[in-house]
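Data first, discussion second: the structure below is written as structure tokens.
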Amino acid sequence: MKGSKAKPSGASEKPGNSSGKKPTRKGRLNECSFPTKRGRRPLMVGAKPKFDYCRDGCSSQMYTKFCCQDVVAVHVQIPAGKSDGGMEFVACSAYFPGDKTADLPPPKKVREVISFCKRKNLQLVIGCDANGHNEAWGSTDRKQLQRKEVLDITVSSNYLSNRISNWRVSSEPSCSDHRHIQFEISVGERTLLQYRDPKCTDWEGYNRSVVYLLESTIAKVRDRNEIEIAAEQLRCAIITAYSENCPLKTKKDNRKSSWWNNKLDKRRKEVRQLFNRAKVSGNRAIPDVDRQPKINDDSSNENGQDQTALLSGPPTNLQINRKASRRAETTKRMKWSREMNLNVIRTYLLVNECRDDPLPEQNLVDRKRTIIRNNYLTQTDIDQLRRDVGNELNLINEVAEYQNLDVTETDTTRQSLPSQNNPTDEEEEVTQKLLSNFELFRGSDPSNRPSIPKLKFNNLTSRFENLTDIHTAIYATAVTVIELNGQKILERTSIPPKPTKVKPSWQRRLETKLNKQDPEFREKLITYQDELRQKLQVKGARLRRYNEASKRKQQNRNFQANQRAFYRNFDTTNRISSEEHVDQQRFEKYWQDIWSNPTHFNQQAPWIDQVEESTNDYQEMVDIQIEENDIKSCIVKTSNWKATGLDKIHNFWLKHLTCIHSLLAKFFTNVLRDPDEFPEFLAQGITYLLPKKGDMKDPKNYRPITCLSVFYKLLTAIVHKKIYEHCQLNNLIAVEQKGCIKNSLGCKEQLTIDAIIMKQAETKCRNLSMGYIDYRKAFDSVPHDWLLKVLELYKINPNIITFLSHIMKKWKSQILLNNRYMTTINIRKGIFQGDSLSPLWFCLALNPLSHLLNQCKSGYRPDLKDSINISHLLFMDDIKLYSESNNNLKYLLKTVQIFSDDIRMDFGMDKCAEIHIRKGKIAELPNEEVLFHQLTSDESYHYLGIQQNKRIDHTRLKKEFKIKYKSRLTKLLNTKLNAKNLITAINTYAVPILTYSFGILKYSDTDLRNLDILTRTTFTKFRIHHPKSATQRLYLPRKEGGRGLTNITELCRSQEKKMREYFHCSNHPLLRKIAKCDTNFTPLNLHCPEDIIDDHRRKEEMHLEWQNKVLHGKYPTALNDPTVDKASSLLWLTKGNLHAETEGFIISVQDGVIRTRNYERYILKNTEIVDVCRVCHSFGETIEHVIGGCSGLSNSAYLGRHNQIAKIIHRQLAIQYRLIDNPPPYYKYLPAAVLESDNTVLYWTGQ
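Reminder that position 208 of the sequence shown reads as 234 in the numbering used here, one-by-one numbering, no gaps.
Here's what the structure looks like:
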């Protein structure tokens, strides 16, 4: 605000801020004017003279809520003239108090006036009486007669300050010690406001303009100056594009005539309503009319003109009914609620029999039109009403025909859609928020949307026009639920901020006390050395205890949220820090060379014709019609909170938003027939580079993991399901390939066959040549045209081929290293990994190789009397070749090389090898006779996770697996996980190290027993398991009183049993022949099947062993008593929230292995011990006696334990009956002797 100042006596005239042009109309404001002059109209006079305003034709209103003895405020409104636009402002006069008052300037009322004008966007002018001897105004001692400081200040808003002119101190007598301050306010010429409406913007043109204007801007910013230049260019481009595509509009002149008033406006509406009724009914002459409707006397304007003359001589064809006019006068404006709008539509449909033909009931029709035009009800609400009304009129068939639907579809829709007839306030809020979020994110780039966090534990389908709308609706639904759940959604940035570790308050407080040094510390050091050392130890111990508690909470929270991320944090050896510099250009070039350089297979390869001939007998794949059941069956198998792609949508939302499943099926079917409808952003992914072993600055030592959008994965999962059914129907996939094959043993099956072949060649002294082939970046090097050609060879549906061919051109991925964005790369070579279709597609790409190798007839024969031979085994891209001679192996290797060269896939020569066995022993051939590196007897090859040479070295591998298992077990026991989480982590992180070797390596009962002993001894070392506790209880489920640890012996035998059953139940000749040849070559011993005890029967036997023990069996016997609630008794164990050490101690007490005198005498057989309680000296010292039967502990330990429990019960009762407010925690709660309310009295004896 700006102001002008005046001096008291003899002050010279001060010119105002004149704009230079003559104002059209002016007003004059006099401050401190007590008398009123002729021609002026006084507006207000308070206890102290304030001001008056002189202006003809103005209106004013006093703000009484702001007026007091020192402040007067008035609202002034100047009506618009013929050539000016009028004005309204607030005029205020205020007296500012002196220094001795508590209220500092400006006064409270003045501050309220200023705040009010800011809220209402009103102009303000204030006349301030500043002679209160306040130091803020530079006042001096009031005893001085001639003061030179400022007395009066005129303050105004910026807008009025430019229109105030001729500001002066008047020389007129004022009958006061103040002079009049006079100035003029220029109203100004009438101007028409021009503006731009964003709703009328051509956004497509705006986008084109922005792109065009930004083409010449800086492509890559390198320093601070370029950032400023780029920001200015962006600002100018946005303003220019908006100006070009959003036209200027002129605000309409809503100025009313000076003689018009509210009464005339109300009569105009009445006349219009009667005219509309007469027009609809066709009756132009209504009897009993009053040609001169009475108008109140206050309808005359300020000039004294009678407005009734304006209505004299009404139209002869329009007559007004007096009764209708009187009823219209008393009618007030009605606010239409949602229920009323629903009833209007319901009534309209009932009257019109569900047709849209208008009826004479004009008000009903008008209201219906208003509801439709303003979207007061959604189309879903109207459709639901139409169905309900149709049911009432028995016209459901007609309604279904009207909507182009059949009756069955209508019934199905009614069952799938929730009723919207009587929504609650909460449902209305959710629906409105969902619609708001849907419109907010509609049309936005999915890659720039904020990420949706994991959720802590309306029907919009009529608006969906394409797959993008469904995707946006799901995202908006997830955002709505997250916001209503009280969670925050963090905006995504290209470089996520590094999390700052904020120390908790208790840690800062204790560290401050530790670091605090007394000024006389050196002098007191000798005197109080022991005391200070003890204080430091106490505070240090408390700090460590608090740190451990905080770490325990954090680890358990992280484990329950994401187990995989929790395990990943264990391995920090191959992790690059965020501060470590890597050559970004090197990384970009490496991955662009792999993915962005397209290759093409050799279309003239002769073996392609052979493959085509072998597929002539295959049936054509039927056309795909995606149904709702396909959506449900595929989405139900996915993980809820798996990492998302660019769409930021988790599988959880697709699982639970079942109302969109039918629409997804419809749009997916359309996309397969018209791939152009598939949004481009859904074919984009995010690739995270995860480190492997080696130099972390070398890009080849990273494994790419791509996260795709949920819609893309769902659609390709359905396509995978259909293609796999086609492959099964025609037996397309070779039996030698076990990658992505359902109901197979996968790697274990291949390793079992491989072990039988090698062991047979060694024991029977046969010749065997084997070759190991590994492709370099196999998934990333397959040409796209070969992938499509394979689909044609195996007669996949043309619609699927067309869709995949179209979508392959849109494949691209963002590369992120350590969560930092590096670049975006187009995928022009290789398979877009991350979905369920890519493994099957890759297997189909290598499937012709199996056909070519089988045609060679150069494999290994397990039975020399049989023609069945094994030339190769495949698991995805891992290939192992078998032959009985070196020449045959060369032939097989040449076949693989020709095939690989034709499809442009290269060998990883450092991982390719071959080995030759002659009469059961390794033979070394000359280098010119081998193609790859030749393994010697001292070397081994890592095939499918198992080291092997001419055979598998079981002893060495069992030691390696045992070391890895113990390492992981120790890492987990060093964590702060609670008991249940710790056992779960051992079962899912440590035990799987051994599980992979079960059925491949020969584990004797002693080996397995030693592994279980290793587990229990490690538990004892960390004080988690008492060495004398029941071992059976450790492996039983928690709901049965155990701890839920996996029994390694039972796990191994059950794995071997399943593998044995698989081979015996297989009908393939190759597997049957292999099973006959396994004469104790593998742990399965397939030639001689054995019966293995069932797992369920084994658990029952273990439970009986625990119960039949003399000492340990007391607890399970008492637990199985019919009077005992077993579930409640084991609730602490099933929750498992205790420390693992605490849980182990409680179990040792229940097992009765605490070292009491009774235990030492009768269990440890120490006859020197006398079994008498060392406290009461009366009874034997057993666990039961110590817990609740010792008279010496009854008045101390037992009473304290009783009071602690009673305090918790007392606190809960007080809360339940509302006897206390804001109760403290249970460990700080002190019960009052008496708590009383109107209906309840609670006593506490305190004994």
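From the three backbone atoms N, C-alpha and C, an ideal C-beta is built for every residue, glycine too.
Exercise. Who pairs with Thr1168 in a beta bridge, going by DSSP?
Worked result: On the sequence shown, position 1142 is the one that residue 1168 refers to. In the DSSP output, where bridge partners are listed per residue, Thr1168 has none listed.
Exercise. How would you label Ser735, buried or exposed, when you count the other beta carbons within 10 angstroms and need 16 or more for buried?
Worked result: Your numbering for residue 735 matches position 709 in the sequence shown. Counting of Cβ neighbours within 10 angstroms places Ser735 among the buried residues, the total reaching 16 or more.
For this session: Decide if Leu918 is buried, meaning its Cβ has at least 16 other Cβ atoms within 10 Å, or exposed.
Result: In the sequence shown, counting from the first residue as 1, residue 918 sits at position 892. Counting Cβ neighbours within 10 Å, Leu918 comes out buried, since at least 16 surround it.
Exercise. Excluding the five sequence neighbours on either side, which residues of its own chain have a C-beta within less than 7 Å of the C-beta of Glu646, listed in chain order?
Worked result: Here the question's residue 646 lines up with position 620 in the sequence shown. Sequence-distant Cβ neighbours of Glu646 in its own chain, meaning closer than 7 Å and more than five residues away, are Lys821.
Problem set entry | Rounded Cβ spacing between Cys908 and Gly934 (contact assumed at less than 8 Å) | In the sequence shown, residue 908 corresponds to position 882, counting from 1. In the sequence shown, residue 934 corresponds to position 908, counting from 1. The sequence shown places Tyr at residue 908, rather than the Cys named in the question. 20 Å between Cβ atoms; not a contact.
For this session: Below 8 Å on the Cβ atoms is my guess for His1052 versus Gly1178; work out the distance and round it to an integer in Å.
Result: Within the sequence shown, residue 1052 is the residue found at index 1026, counting from 1. Within the sequence shown, residue 1178 is the residue found at index 1152, counting from 1. Not confirmed; about 11 Å, so no contact.
Exercise. Out of Leu813, Tyr89, Leu186, Gly112, which has the shortest C-alpha to C-alpha gap to Glu138?
Worked result: Along the sequence shown, one-based indexing puts residue 138 at 112. Glu138 has its Cα closest to that of Tyr89, out of Leu813, Tyr89, Leu186, Gly112.
For this session: State buried or exposed for Leu672, treating a residue as buried only when at least 16 other CB atoms are found within 10 Å of its CB.
Result: Along the sequence shown, one-based indexing puts residue 672 at 646. In this structure Leu672 is buried. Its beta-carbon is surrounded by 16 or more other beta-carbon atoms within 10 angstroms.
Exercise. How is Cys733 classed by DSSP in three states: helix, strand or coil?
Worked result: Here residue 733 is taken as the residue at index 707 of the sequence shown, counted from 1. Reduced to three states, the DSSP call for Cys733 is strand.
For this session: Pull up the distance between the alpha-carbon of Ala267 and that of Glu258, whole angstroms please.
Result: Counting from 1 along the sequence shown, the entry for residue 267 is found at position 241. Counting from 1 along the sequence shown, the entry for residue 258 is found at position 232. Approximately 14 Å between the Cα atoms of the pair.
Exercise. Going by C-alpha distance, which of Cys882, Thr732, Ser893 is nearest Gln840?
Worked result: Counting from 1 along the sequence shown, the entry for residue 840 is found at position 814. When Cys882, Thr732, Ser893 are compared, the shortest CA-CA separation from Gln840 is found for Thr732.
Exercise. From the DSSP output, which residues share a beta bridge with Lys906?
Worked result: Within the sequence shown, the letter at position 880 stands for residue 906. Tyr798, Leu899, per the DSSP bridge assignment.
Exercise. By Cβ distance below 6 Å, which residues in the same chain neighbour Phe858 in space, the five residues on each side in sequence not counted?
Worked result: The residue you call residue 858 lines up with position 832 of the sequence shown. Correct list, in chain order: Trp837.
Problem set entry | Distance CB(Trp812)-CB(Phe925) smaller than 7 Å | Counting from one through the sequence shown, the residue named residue 812 turns up at place 786. Counting from one through the sequence shown, the residue named residue 925 turns up at place 899. The beta carbons of Trp812 and Phe925 sit no closer together than 7 Å.
Problem set entry | Three-state secondary structure (DSSP) of Gly566 | As a working note, residue 566 is residue 540 in the sequence shown. Helix at Gly566.
Problem set entry | Cβ neighbour criterion (16 or more within 10 Å) applied to Met722 | Taking the first residue of the sequence shown as position 1, residue 722 is located at position 696. Buried: at least 16 other Cβ atoms inside 10 Å.
Exercise. Under a Cβ-count criterion, where at least 16 other Cβ atoms within 10 Å of its own Cβ denotes burial, should Ile1235 be classed as buried or exposed?
Worked result: Position 1209 of the sequence shown, counted from the first residue, corresponds to residue 1235. When all chains shown are included, Ile1235 counts as exposed.
Exercise. Which residue's Cα is closest to the Cα of Ile17: Thr404, Gln629, Arg1086, Lys692?
Worked result: With the chain covering only 27 through 1273, there is no way to say anything about residue 17.
For this session: Answer with buried or exposed for Pro874, where buried requires no fewer than 16 other C-beta atoms within 10 angstroms of its C-beta.
Result: As a first step, residue 874 is located in the sequence shown; it is residue number 848 there, counting from the start. Buried, since its Cβ has 16 or more Cβ neighbours within 10 Å.
Problem set entry | Residue burial classification, Tyr501 (beta-carbon count within 10 angstroms, cutoff 16) | For the purposes of this step, residue 501 is identified with residue 475 of the sequence shown, where counting begins at 1. Label assigned to Tyr501: buried.
Problem set entry | For Tyr1252 and Lys1233, the rounded distance between their alpha carbons | Taking the sequence shown and counting its residues from 1, the one referred to as residue 1233 is at position 1207. Taking the sequence shown and counting its residues from 1, the one referred to as residue 1252 is at position 1226. If you draw a straight line from the Cα of Lys1233 to the Cα of Tyr1252, it comes to about 7 Å.
For this session: Compute the Euclidean distance between the alpha carbons of Arg1069 and Leu1130, then round it to the nearest angstrom.
Result: As a working note, residue 1069 is residue 1043 in the sequence shown. As a working note, residue 1130 is residue 1104 in the sequence shown. Cα to Cα, the separation comes out at about 16 Å.
For this session: Could you name each continuous alpha helix (DSSP H) segment of 4 residues or more that falls completely within the region 660 to 707, going from the start of the chain to the end?
Result: Residue ranges of uninterrupted alpha helix (DSSP H) with 4 or more members, entirely inside the region 660 to 707 and ordered along the chain, are 677 to 682, 687 to 699.
For this session: Return helix, strand or coil for Gly711, following the three-state DSSP convention.
Result: Locating residue 711 in the sequence shown gives position 685, counting from the first residue. If DSSP states are grouped into helix, strand and coil, Gly711 belongs with the strands.
Exercise. At which residues does the beta strand (DSSP E) containing Leu1261 begin and terminate?
Worked result: Translated into the one-based positions of the sequence shown, residue 1261 becomes position 1235. It spans 1260 to 1262 - the beta strand (DSSP E) in which Leu1261 sits, taken as one unbroken run.
Exercise. Under a three-way DSSP split, which group does Asp619 fall into?
Worked result: For the purposes of this step, residue 619 is taken as the residue at position 593 of the sequence shown. DSSP places Asp619 in helix when its eight states are reduced to three.
Problem set entry | Test item: CB-CB of Val637 and Leu819 under 7 Å | Against the sequence shown, residue 637 aligns to sequence position 611. Against the sequence shown, residue 819 aligns to sequence position 793. Cβ distance < 7 Å, so Val637 and Leu819 count as in contact.
Problem set entry | The beta strand (DSSP E) enclosing Val816, as first and last residue numbers | Along the sequence shown, one-based indexing puts residue 816 at 790. Where Val816 is concerned, there is no enclosing beta strand (DSSP E), although the alpha helix (DSSP H) it sits in stretches over 810 to 819.
Exercise. CA-CA distance, Tyr1185 and Tyr1029?
Worked result: Numbered from its first residue, the sequence shown carries residue 1185 at position 1159. Numbered from its first residue, the sequence shown carries residue 1029 at position 1003. Answer to the nearest angstrom: the Cα atoms are 37 Å apart.
For this session: Can you tell me the Cβ-Cβ gap for Gln973 and Gly1025, rounded? I've got them flagged as a contact below 8 Å.
Result: Translated into positions along the sequence shown, residue 973 becomes position 947. Translated into positions along the sequence shown, residue 1025 becomes position 999. Actually they do not touch by this definition, with Cβ atoms about 17 Å apart.
For this session: Taking 7 Å as the cut-off, decide whether the C-beta atoms of Leu1003 and Thr1044 are in contact.
Result: Along the sequence shown, one-based indexing puts residue 1003 at 977. Along the sequence shown, one-based indexing puts residue 1044 at 1018. Contact: no.
Exercise. Considering only the beta carbon of each residue, do Val100 and Ser85 sit closer than 7 Å?
Worked result: The residue labelled residue 100 in the question sits at position 74 within the sequence shown. The residue labelled residue 85 in the question sits at position 59 within the sequence shown. Not closer than 7 Å, so no.
Problem set entry | Cβ neighbour criterion (16 or more within 10 Å) applied to Arg205 | If you number the sequence shown from 1, residue 205 lands on position 179. Answer is buried; the Cβ neighbour count reaches 16.
For this session: With a cut-off of 8 Å on the beta carbons, I'd call Ile826 and Ile650 a contact; round off their distance for me.
Result: Taking the sequence shown and counting its residues from 1, the one referred to as residue 826 is at position 800. Taking the sequence shown and counting its residues from 1, the one referred to as residue 650 is at position 624. Rounded to whole angstroms, the Cβ separation of Ile826 and Ile650 is 7 Å, and the two are in contact under 8 Å.
Exercise. Would you report the Cα separation of Leu1020 and Asp1031, rounded to the nearest angstrom?
Worked result: Reading the sequence shown from its first residue, position 994 is the one you call residue 1020. Reading the sequence shown from its first residue, position 1005 is the one you call residue 1031. Their backbone Cα atoms lie some 15 Å apart in a straight line.
Exercise. How many whole angstroms separate the CB atoms of Tyr798 and Tyr967, which I take to be in contact at a CB cut-off of 8 Å?
Worked result: Residue 798 sits at position 772 when you count from the first residue of the sequence shown. Residue 967 sits at position 941 when you count from the first residue of the sequence shown. Yes, they are in contact, since the Cβ atoms of Tyr798 and Tyr967 sit about 6 Å apart, within 8 Å.
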